[in-house]
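Chains A and B, in that order, give the protein sequences. Counting from 46, one number per residue, gives the positions in the first sequence under our numbering. Counting from 208, one number per residue, gives the positions in the second sequence under our numbering. Cβ coordinates follow ideal geometry from the N, Cα and C atoms, glycine included. These numbers were taken from a predicted model, which means no experiment stands behind them. Inspection log for the structure reproduced underneath, given as structure tokens.
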Amino acid sequence: MSHQERLHFIADFNVETLARYVAHTAVPGAEVTSAPFGQVMQTLASGSPGDDWTTVVWTQPESVAATFARAVRFEDADGDAAVDEVKRFAEAVGRYAAGARAVFVPTWTLPPWHRGYGMLDFKPGTGIAHLLARMNLALADALASHANVFLLNAARWIDAVGSRGWSEKLWYATKSPFSPALLEQAAWDIAAAIAGLRGRSRRLIILDLDDLLWGGIVGEVGWQGLNLGGHDHAGEAYADFQRALKALTRRGIQLAIVSKNEEATALDAIDRHPEMQLRRADFAGWRINWNDKAQNVAELLAEIGLGAESAVFIDDSAIERARVEGAVPGILVPEWPADPTRFRETLASLRCFDSPFLTTEDRARTAMYAADRERRATFAAGSDLQSWLASLDVTITVEPLTDANLDRAAQLFNKTNQMNMATRRLSQSELMAWASAPNHAVLTIRVADRFGDSGLTGIIGLAFDGARAQLVDFLLSCRVMGRSVEDTMLHLAVAQSRARGATELVAEFKPTARNSPCLDFLRRSGLRAAGDTLFTWDTAQPFERPRWITLRDHAGAVTAGDR
Amino acid sequence: MMDPEHAARLIHAAIDVVNQQLPAARRLNKSPDTVIVGPSGSLDSLGIVNFVITLEEKTSEAIGRPVQLLDETALIEANGPFRTIGTLTTYLAGMPLS
Numbered sequence: 046m047s048h049q050e051r052l053h054f055i056a057d058f059n060v061e062t063l064a065r066y067v068a069h070t071a072v073p074g075a076e077v078t079s080a081p082f083g084q085v086m087q088t089l090a091s092g093s094p095g096d097d098w099t100t101v102v103w104t105q106p107e108s109v110a111a112t113f114a115r116a117v118r119f120e121d122a123d124g125d126a127a128v129d130e131v132k133r134f135a136e137a138v139g140r141y142a143a144g145a146r147a148v149f150v151p152t153w154t155l156p157p158w159h160r161g162y163g164m165l166d167f168k169p170g171t172g173i174a175h176l177l178a179r180m181n182l183a184l185a186d187a188l189a190s191h192a193n194v195f196l197l198n199a200a201r202w203i204d205a206v207g208s209r210g211w212s213e214k215l216w217y218a219t220k221s222p223f224s225p226a227l228l229e230q231a232a233w234d235i236a237a238a239i240a241g242l243r244g245r246s247r248r249l250i251i252l253d254l255d256d257l258l259w260g261g262i263v264g265e266v267g268w269q270g271l272n273l274g275g276h277d278h279a280g281e282a283y284a285d286f287q288r289a290l291k292a293l294t295r296r297g298i299q300l301a302i303v304s305k306n307e308e309a310t311a312l313d314a315i316d317r318h319p320e321m322q323l324r325r326a327d328f329a330g331w332r333i334n335w336n337d338k339a340q341n342v343a344e345l346l347a348e349i350g351l352g353a354e355s356a357v358f359i360d361d362s363a364i365e366r367a368r369v370e371g372a373v374p375g376i377l378v379p380e381w382p383a384d385p386t387r388f389r390e391t392l393a394s395l396r397c398f399d400s401p402f403l404t405t406e407d408r409a410r411t412a413m414y415a416a417d418r419e420r421r422a423t424f425a426a427g428s429d430l431q432s433w434l435a436s437l438d439v440t441i442t443v444e445p446l447t448d449a450n451l452d453r454a455a456q457l458f459n460k461t462n463q464m465n466m467a468t469r470r471l472s473q474s475e476l477m478a479w480a481s482a483p484n485h486a487v488l489t490i491r492v493a494d495r496f497g498d499s500g501l502t503g504i505i506g507l508a509f510d511g512a513r514a515q516l517v518d519f520l521l522s523c524r525v526m527g528r529s530v531e532d533t534m535l536h537l538a539v540a541q542s543r544a545r546g547a548t549e550l551v552a553e554f555k556p557t558a559r560n561s562p563c564l565d566f567l568r569r570s571g572l573r574a575a576g577d578t579l580f581t582w583d584t585a586q587p588f589e590r591p592r593w594i595t596l597r598d599h600a601g602a603v604t605a606g607d608r
Numbered sequence: 208m209m210d211p212e213h214a215a216r217l218i219h220a221a222i223d224v225v226n227q228q229l230p231a232a233r234r235l236n237k238s239p240d241t242v243i244v245g246p247s248g249s250l251d252s253l254g255i256v257n258f259v260i261t262l263e264e265k266t267s268e269a270i271g272r273p274v275q276l277l278d279e280t281a282l283i284e285a286n287g288p289f290r291t292i293g294t295l296t297t298y299l300a301g302m303p304l305s
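In structure tokens, the structure reads:
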């Protein structure tokens, strides 16, 4: 689902070049406006243009903190006074953010040519660099409680372009201190942050093997002959690249393999090579065979349950990259260097993984996918679906939406595609505001079974209007689809509706390019079809739940309504 | 003196930068008669300054010494060097390299 992005820029310098980069290249089609420069506090006080606007507030440290301006002139400067000024600025940003979709605040920086006190510049109480670091940390701390405010690391933009990033000539000519090269870096980071807020961050990296995870062709030299680790500079680089990939899994990014090889030979290398940093359990899936890679990628995505727009394909072969990019619309295929010593930095420079959340579920996702492989293997060996489902010992825990689970709930809202009835994309603040309305209820669903805990993976949103309850949101992570959790969620929705005095539950499916599995489920669920996409249930009749599922109801959804 | 083809490449690289700041329909073509400064050009004053300073930077890197191109007098001259890509290429190619 595409959204018209609306961006407003507030700065104490001429930010027009950045606004143009964003509008015409980084976020094409966005509606972009800029406040008159140099009126930051007045503009913040006048409020956001609207709650669907994202604002960038970019200031120079000396304009926010007069104390810092004195420090730059080598006058005595009280660090505590500077921090107080920062806190007042943060309060203004926080108040503004309450009426905005999101606010991005680039951190404060100094020109690269600014040497401050030289060898004393990081000395507490004296150094300008020390004071600026303190101010940036104070700003981050003061804004930490605002869920829709994000500090963007401007120092990284300067590092990326070096001394060319800051131009005194541009400052005198246009009242912008930053060069187009630096502003381009800023524009792409802003675009990545917006994509993250919209749930468009990538979640899966599909990797080739030969000359990517290791040096050499495993089918020719065997795992013993691969260049990996050891005392060879390229071998060390391959091992470090694997470590970097493994580190990404701790941010919720999954790994998978598509490789032209004999599967047994390649898996033998993964299992047995002593320098492998990634083992079989680190991969959500693989297709190792001699088939077309684009076909393998499509099949693997279907197996894992992710769309191509969630995936990145990395291959050392330009031909394979072109093939997959051309045949799998939506997949990201970055240009990849031939030199393995550049693999780690190329991976780390990808912006496509930026996300506004890092949840417990993210950190545990690799283990969850490994558990799912094990779970599916038991089904393959089993006899019938119902016996298999019963054997899983599924426990569902129902909880209301709270500050403690808001991050994960908002993440689900913005990333779930297939089992998502309405596909509403809501920020944390929008979701909590909606749930807080007296005639609304949001239930979160946690799912565990004997193979592991899948965490918070489902959400029900209900709106009550007299005798009628509307199932507004019904969404479930693809990781737990097909385990009767969907049926249990309908049971909960009916029970909660009855508890709130509704006699009828109405569910309206809103189609997208990706959510037909949800319509398929609703059609076979037992709800009464009142049209192609409209379903109802008379709440006088309980909606039976699968009896093999254990329900822990901390939201009172069943205890109040399931008589 | 700089090879005119080299000068054109530097100008095209600077155009690549400023084109990212322009709507698709107003992006500059890399042809000699494309207007840089003038009523029919796509660049406003901010765009012109960004273009010239980017070109300064790229030229300085290419020849290994600082180059000064931002000259308000030259920018507003009706028949000045910044009128079109062609006139600018000639001007840049005519600059001494040392």
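Can you grab the Cα-Cα spacing for the pair Leu277 of chain B / Leu165 of chain A, in whole Å? Translated into the one-based positions of the second sequence, residue 277 of chain B becomes position 70. Translated into the one-based positions of the first sequence, residue 165 of chain A becomes position 120. Roughly 37 angstroms separates the two Cα atoms.
Does chain A have any CB closer than 8 angstroms to the CB of Pro230 of chain B? Position 23 of the second sequence, counting from 1, holds the residue named residue 230 of chain B. Yes, Pro230 of chain B lies at the interface with chain A (some Cβ there is under 8 angstroms from its Cβ).
Measure from the alpha carbon of Glu61 of chain A to the alpha carbon of each residue in A:Ala455, A:Ser221 and A:Gln299, then state which is nearest. In the first sequence, counting from the first residue as 1, residue 61 of chain A sits at position 16. Of the listed residues, the one whose Cα sits closest to Glu61 of chain A is A:Ser221.
Problem set entry | Closer than 7 angstroms at the beta carbon, the chain A residues around Asn257 of chain B | Within the second sequence, the letter at position 50 stands for residue 257 of chain B. Near Asn257 of chain B (Cβ distances below 7 angstroms), the residues of chain A are Thr62 and Pro225.
Secondary structure at Pro379 of chain A, three-state DSSP: helix, strand or coil?
Counted from its first residue, the first sequence places residue 379 of chain A at position 334. Assignment of Pro379 of chain A by DSSP, reduced to helix, strand and coil, places it in the coil class.
Query raised in the report: Tell me the DSSP bridge mates of Pro157 of chain A?
Result: In the first sequence, counting from the first residue as 1, residue 157 of chain A sits at position 112. The partner list for Pro157 of chain A (beta bridge, DSSP) is empty, contrary to what the question assumes.
Limits of the beta strand (DSSP E) - the one that Asp510 of chain A falls within: Walking along the first sequence from the start, residue 510 of chain A turns up at place 465. Following the DSSP letters along the chain, one finds Asp510 of chain A inside the beta strand (DSSP E) bounded by residues Gly497 to Asp510.
Is Lys460 of chain A helix, strand or coil by DSSP? Within the first sequence, numbered from 1, the residue matching residue 460 of chain A stands at position 415. Annotated three-state conformation of Lys460 of chain A is helix, per DSSP.
* Exposure of His276 of chain A, with buried meaning 16 or more beta-carbon neighbours within 10 Å -> Numbered from its first residue, the first sequence carries residue 276 of chain A at position 231. His276 of chain A counts as exposed, since fewer than 16 other C-beta atoms from the protein chains shown sit within 10 angstroms of its C-beta.
Legend entry - Beta carbon of Thr423 of chain A nearer than 8 angstroms to that of Trp433 of chain A: The residue given as residue 423 of chain A occupies position 378 in the first sequence. The residue given as residue 433 of chain A occupies position 388 in the first sequence. It is a contact, given that the beta carbons lie within the stated cut-off.
| field | Integer-rounded CB distance, given that Ala127 of chain A should sit under 8 angstroms from Met180 of chain A | value | Against the first sequence, residue 180 of chain A aligns to sequence position 135. Against the first sequence, residue 127 of chain A aligns to sequence position 82. Separation of the CB atoms of Met180 of chain A and Ala127 of chain A is rounded to 6 angstroms, and the pair is thereby assigned contact status at 8 angstroms.
Q.
Can you confirm whether the region 574–587 of chain A touches the region 545–560 of chain A when touching is taken to mean that 3 or more C-beta pairs between the two stretches lie within less than 8 angstroms?
A. Yes: the two stretches touch, three or more of their Cβ pairs being nearer than 8 angstroms.
So what does Pro445 of chain A bridge to, in DSSP terms? The residue you call residue 445 of chain A lines up with position 400 of the first sequence. The partner list for Pro445 of chain A (beta bridge, DSSP) reads A:Leu488.
Relative to the C-alpha of Ser407 of chain A, which candidate in A:Leu457, A:Gly371 and A:Arg366 has its C-alpha closest?
If you number the first sequence from 1, residue 407 of chain A lands on position 362. A quick correction: the sequence has Asp, not Ser, at residue 407 of chain A. For Asp407 of chain A, the nearest C-alpha among the options comes from A:Leu457.
### Query
Can you list the residues of chain B that Tyr66 of chain A reaches, using a CB-CB cut of under 7 angstroms?
Counting from 1 along the first sequence, the entry for residue 66 of chain A is found at position 21. Simply Gln227 and Gln228.
* To do: Please report how far the alpha carbon of Phe167 of chain A lies from the alpha carbon of Ala178 of chain A, in whole angstroms.
  => As a first step, residue 167 of chain A is located in the first sequence; it is residue number 122 there, counting from the start. As a first step, residue 178 of chain A is located in the first sequence; it is residue number 133 there, counting from the start. Rounded to whole angstroms, Phe167 of chain A to Ala178 of chain A spans 9 angstroms at the Cα level.
Rounding to the nearest angstrom, what Cα-Cα distance links Ala383 of chain A and Asp360 of chain A in this structure? Position 338 of the first sequence, counting from 1, holds the residue named residue 383 of chain A. Position 315 of the first sequence, counting from 1, holds the residue named residue 360 of chain A. Answer to the nearest angstrom: the Cα atoms are 10 angstroms apart.
**OP:** Alpha carbon to alpha carbon, how far is Glu320 of chain A from Gly274 of chain A? Give it in angstroms, no decimals.
**Re:** What you label residue 274 of chain A is simply residue 229 of the first sequence in a count that begins at 1. What you label residue 320 of chain A is simply residue 275 of the first sequence in a count that begins at 1. Rounded to whole angstroms, the separation of the alpha carbons of Glu320 of chain A and Gly274 of chain A is 6 angstroms.
**Asked** Are any of the Cβ atoms in chain B nearer than 8 angstroms to that of His53 of chain A?
**Response** Counting from one through the first sequence, the residue named residue 53 of chain A turns up at place 8. Not one chain B Cβ lies under 8 angstroms of His53 of chain A.
- Message: Pull the bridge partners of Pro249 of chain B from the DSSP assignment, please.
- Response: Taking the second sequence and counting its residues from 1, the one referred to as residue 249 of chain B is at position 42. Residue 249 of chain B is actually Ser in this sequence, not Pro. Its beta-bridge partners do not exist; DSSP assigns none.
When burial is assigned at 16 or more other CB atoms within 10 Å of the CB, is Arg248 of chain A buried or exposed? Here residue 248 of chain A refers to the residue found at position 203 when the first sequence is read from its first residue. That one is buried.
**Item:** Glu50 of chain A burial status per 10 Å Cβ neighbour count (16 or more: buried)
**Value:** In the first sequence, the residue the question calls residue 50 of chain A occupies position 5. Glu50 of chain A counts as buried, since at least 16 other C-beta atoms from the protein chains shown sit within 10 angstroms of its C-beta.
**Asked** Can you check whether the CB of Trp103 of chain A is closer than 8 angstroms to the CB of Pro157 of chain A?
**Response** As a first step, residue 157 of chain A must be located in the first sequence, where it is residue number 112. As a first step, residue 103 of chain A must be located in the first sequence, where it is residue number 58. At least 8 angstroms separates the beta-carbon of Pro157 of chain A from that of Trp103 of chain A.
Could you check whether the Cβ of Gln49 of chain A sits closer than 8 angstroms to any Cβ belonging to chain B? For the purposes of this step, residue 49 of chain A is identified with residue 4 of the first sequence, where counting begins at 1. Taking Cβ atoms only, chain B never reaches closer than 8 angstroms to Gln49 of chain A, which makes this a no.
* Spell out whether any CB of chain B is found under 8 angstroms from the CB atom of Ala218 of chain A. => The residue you call residue 218 of chain A lines up with position 173 of the first sequence. Yes, Ala218 of chain A lies at the interface with chain B (some Cβ there is under 8 angstroms from its Cβ).
Counting beta carbon pairs with one atom in the region 341–356 of chain A and one in the region 241–256 of chain A, are three or more of them shorter than 8 angstroms? With the cut-off at 8 angstroms, the region 241–256 of chain A and the region 341–356 of chain A touch.
State buried or exposed for Gly606 of chain A, treating a residue as buried only when at least 16 other CB atoms are found within 10 Å of its CB. Here residue 606 of chain A corresponds to residue number 561 of the first sequence, with the count starting at 1. Low confidence applies to Gly606 of chain A: its pLDDT is 44, below 50, so where it sits in the model is not reliable enough to give any reading.
Within 10 Å of its beta-carbon, does Met208 of chain B have 16 or more other beta-carbons around it, so buried, or fewer, so exposed? For the purposes of this step, residue 208 of chain B is taken as the residue at position 1 of the second sequence. With fewer than 16 other Cβ atoms within 10 Å, it is exposed.
Beta-carbon within less than 7 angstroms of Asn59 of chain A's beta-carbon, same chain only, minus the 5 sequence neighbours each way: which residues are those?
Along the first sequence, read from residue 1 onward, the residue named residue 59 of chain A stands at position 14. Beyond the five residues adjoining it in sequence on each side, Asn59 of chain A comes within less than 7 angstroms, by CB distance, of Phe82, Thr219, Lys220 and Ser221 in the same chain, given in chain order.
* Name the chain B residues that come within less than 8 angstroms of Thr70 of chain A, Cβ to Cβ? -> Residue numbering aside, residue 70 of chain A sits at position 25 when the first sequence is read from its first letter. Ordered by position in chain B, the residues that pass the 8 angstroms Cβ test against Thr70 of chain A are Gln227 and Gln228.
Suppose you measure from the CA of Val492 of chain A to the CA of Met413 of chain A; what does that come to, to the nearest Å?
On the first sequence, residue 492 of chain A is found 447 positions in, with the first residue counted as 1. On the first sequence, residue 413 of chain A is found 368 positions in, with the first residue counted as 1. When rounded, the separation of the alpha-carbon atoms in Val492 of chain A and Met413 of chain A is 11 angstroms.
| query | What does Trp610 of chain A pair with, by DSSP beta-bridge criteria? | reply | Summary: the structure shown does not reach residue 610 of chain A, with chain A confined to residues 46 through 608, and so no result is reported for it.
| query | Of all the options A:His599, A:Val378, A:Ala600 and A:Val539, which has the alpha carbon lying nearest to the alpha carbon of Ser570 of chain A? | reply | Walking along the first sequence from the start, residue 570 of chain A turns up at place 525. Here the closest residue by C-alpha is A:Val539.
Would you mind giving the Cβ-Cβ distance between Leu312 of chain A and Arg325 of chain A, rounded to the nearest angstrom? I have them listed as a contact below 8 angstroms. What you label residue 312 of chain A is simply residue 267 of the first sequence in a count that begins at 1. What you label residue 325 of chain A is simply residue 280 of the first sequence in a count that begins at 1. For Leu312 of chain A against Arg325 of chain A, the beta-carbon gap comes to about 7 angstroms, under 8 angstroms, which counts as contact.
Listed by chain order, chain B residues near Ser212 of chain A by CB distance under 9 angstroms
As a working note, residue 212 of chain A is residue 167 in the first sequence. Near Ser212 of chain A (Cβ distances below 9 angstroms), the residues of chain B are Ile260 and Glu264.
Open item on the list: Would Arg146 of chain A and Ser472 of chain A be called neighbours here (beta carbons separated by less than 8 angstroms)?
Closed with: Along the first sequence, one-based indexing puts residue 146 of chain A at 101. Along the first sequence, one-based indexing puts residue 472 of chain A at 427. Contact annotation: Arg146 of chain A and Ser472 of chain A have beta-carbon atoms nearer than 8 angstroms.
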